[in-house]
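Colleague:
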Amino acid sequence: MARILVTGCAGFIGSWIAETLIARGSVVCGLDNFETGKRANIAHLLSGSASGRFEFIECDLRDPGAAARACQGVDIIFHQAALPSVPRSVKDPRTSHTANIDGTFNLLEGARAAGVQRIVYAASSSAYGNQAGFPRVETMLPMPIAPYPVQKVTGELYMQSYWQVYGLETVCLRYFNIFGPRQVPDSPYSGVMARFILQMMRGERPTIFGDGHHARDFTYIENAVSANLLALEAPAEKVAGRVFNVACGQSHTLNHIFRILADLLDFKQPPVYAPPRAGDIRMSLADISAAREAFGYDPQVGLEEGLRRTVAWYREQFALASPQPVEKGNCAC
Ligand code: UD2
């Protein structure tokens, strides 16, 4: 059986990939440094029925020796470890540079030395920048604006180089605003969906940066996980050395997202509008036909269903974190 390494396994997307692989019968080794990942995201993998099929290594890919050791005996890698967020990279480019470029390079070097067969890499749709032309097609030249997309495009170029020079099968998946359960909601760098949901649940007015017409091709997590598993199984001649958009192929404005979430959460107040963030792109919309043709990617969960599931999950977490007092007369005992 292939030995699979998931980097960033305690993060939002990495924990979903690890969990799905284990549910399908794979044995998974997960790696995280907990810089943004959460122990709670892998607690269920470390105990219970999954525990025999999950091994965890706490390490930082900025350490070349640790990266090389993590690759020993590994056949496949899902490289999700990264320090995400455009505004974080604008504020502190060096820290995200070391995590995203040095960490990725160290992993590639470890993988090359260990004879790893394939790496599926978490690339970013922010690579396209603000150039003209929608939907975004993989043949467009990258035009990254902020340090974060520069780092992610660098990772793509390294992935393609290691395929061409060393024959390491690398597949780059450009994620378009993935959202869903487990996305961190309470950091200044949180994704907009998680942030708005938590703020509305707390009765706080969310802030929309810009006029609300900024739009994203928001993609529910299960669609992104399915793209990863399909990219793992696809023949090398279809995917190796290539870049693919992973999205839904529909763009939604922040005003629209605000309205759907306000309905789902029965939130009655208006948003606060603030100036756009430095480094933000205005709009994203993907052409997903390359992934469809190369490995049969077909996103199954649309925006509204994804938001319903996401809101339900945060409601459950919020209720667990702040139990309500039992009202008199409601007690069934
Ligand atoms: C997301 C990813 C990034 C990368 C990129 C690809 C996150 C946190 N970031 O960046 O890693 O993959 O997509 O395109 O998932 N916004 C508000 N109010 C808020 C927070 C955000 O209006 O409180 C706006 C923000 O200005 C932007 C949009 O929402 O216009 C999306 O922001 P984001 O931080 O969720 O994601 P993005 O697109 O910067």
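According to the numbering used here, the sequence shown holds residues 48 to 380 in order. Glycine residues also receive a C-beta, built at the ideal position from the N, C-alpha and C atoms. Remember, it's a predicted structure, so these values are computed and weren't measured experimentally.
Leaving out the 5 sequence neighbours to the left and right, which residues in its chain are closer than 6 Å to Cys219 when beta-carbon positions are compared?
Modeller: The residue given as residue 219 occupies position 172 in the sequence shown. Contacts found: Tyr168, Ala170, Glu203, Met206, Val290.
Colleague: Between Ile69 and Ser96, what straight-line distance do the alpha-carbon atoms span, to the nearest angstrom?
Modeller: Along the sequence shown, read from residue 1 onward, the residue named residue 69 stands at position 22. Along the sequence shown, read from residue 1 onward, the residue named residue 96 stands at position 49. Approximately 10 Å, taken between the alpha carbons.
Colleague: Provide the residue span of the alpha helix (DSSP H) that contains Asn270, from first to last.
Modeller: For the purposes of this step, residue 270 is taken as residue 223 along the sequence shown, with counting starting at 1. Counting along the chain, the alpha helix (DSSP H) containing Asn270 begins and ends at 268 to 280.
Colleague: Which residues does DSSP list as the beta-bridge partners of Val167?
Modeller: Residue numbering aside, residue 167 sits at position 120 when the sequence shown is read from its first letter. Under DSSP, Val167 forms a beta bridge with Phe125, Val218.
Colleague: Would you list the one or two residues that DSSP bridges to His299?
Modeller: On the sequence shown, position 252 is the one that residue 299 refers to. BP columns for His299 point to Arg263.
Colleague: Are at least three pairs of beta-carbons, each pair with one atom in the segment 222 to 232 and one in the segment 276 to 288, less than 8 Å apart?
Modeller: no
Colleague: For Glu105 versus Asn80, is the C-beta distance shorter than 9 Å?
Modeller: Taking the sequence shown and counting its residues from 1, one reaches residue 105 at position 58. Taking the sequence shown and counting its residues from 1, one reaches residue 80 at position 33. With contacts defined by Cβ atoms closer than 9 Å, Glu105 and Asn80 form a contacting pair.
Colleague: Which same chain residues end up closer than 6 Å to Gly326 when comparing Cβ atoms and leaving out the 5 residues on each side of it in sequence?
Modeller: Here the question's residue 326 lines up with position 279 in the sequence shown. Here the set comprises Val133, Val137, Ile192, Ala193.
Colleague: Any chance the segment 320 to 336 sits against the segment 254 to 261, with 3 or more Cβ pairs inside 8 Å?
Modeller: Verdict: yes, contact present.
Colleague: Which same chain residues, not among the five before or five after Val358, have their C-beta less than 8 Å away from its C-beta?
Modeller: Numbered from 1 along the sequence shown, position 311 holds the residue referred to as residue 358. Exclusion of the five residues before and after Val358 leaves Ile244, Leu308, Leu311, Leu312 as the residues of its chain whose Cβ lies within less than 8 Å of its Cβ.
Colleague: For Glu102, which residues in the same chain have their Cβ closer than 6 Å to its Cβ, ignoring the five residues on either side in sequence?
Modeller: Counting from one through the sequence shown, the residue named residue 102 turns up at place 55. Only Cys76 meet the Cβ criterion.
Colleague: If you measure between the beta carbons of Val348 and Asn270, is that distance less than 9 Å?
Modeller: Here residue 348 refers to the residue found at position 301 of the sequence shown. Here residue 270 refers to the residue found at position 223 of the sequence shown. Going by C-beta atoms, Val348 is nearer than 9 Å to Asn270.
Colleague: How about Arg183 and Leu332: are their beta carbons less than 9 Å apart?
Modeller: Indexing the sequence shown from 1 puts residue 183 at position 136. Indexing the sequence shown from 1 puts residue 332 at position 285. Against a cut-off of 9 Å, the Cβ pair of Leu332 and Arg183 comes out as a contact.
Colleague: My output table needs one value for Ile148: the three-state DSSP class, helix, strand or coil.
Modeller: In the sequence shown, residue 148 corresponds to position 101, counting from 1. DSSP places Ile148 in helix when its eight states are reduced to three.
Colleague: Does the segment 207 to 215 come within contact of the segment 155 to 168, defined as at least 3 CB pairs closer than 8 Å?
Modeller: yes
Colleague: Roughly how far, in whole angstroms, is the beta-carbon of Ala161 from the beta-carbon of Val121, given that I think they are within contact range, below 8 Å?
Modeller: For the purposes of this step, residue 161 is taken as the residue at position 114 of the sequence shown. For the purposes of this step, residue 121 is taken as the residue at position 74 of the sequence shown. Sure, about 6 Å apart at Cβ, within 8 Å.
Colleague: Report the rounded CA-to-CA distance for Leu215 versus Gly343, giving the unit in angstroms.
Modeller: As a working mapping, residue 215 is identified with position 168 in the sequence shown. As a working mapping, residue 343 is identified with position 296 in the sequence shown. In a straight line, the C-alpha of Leu215 is about 22 Å away from that of Gly343.
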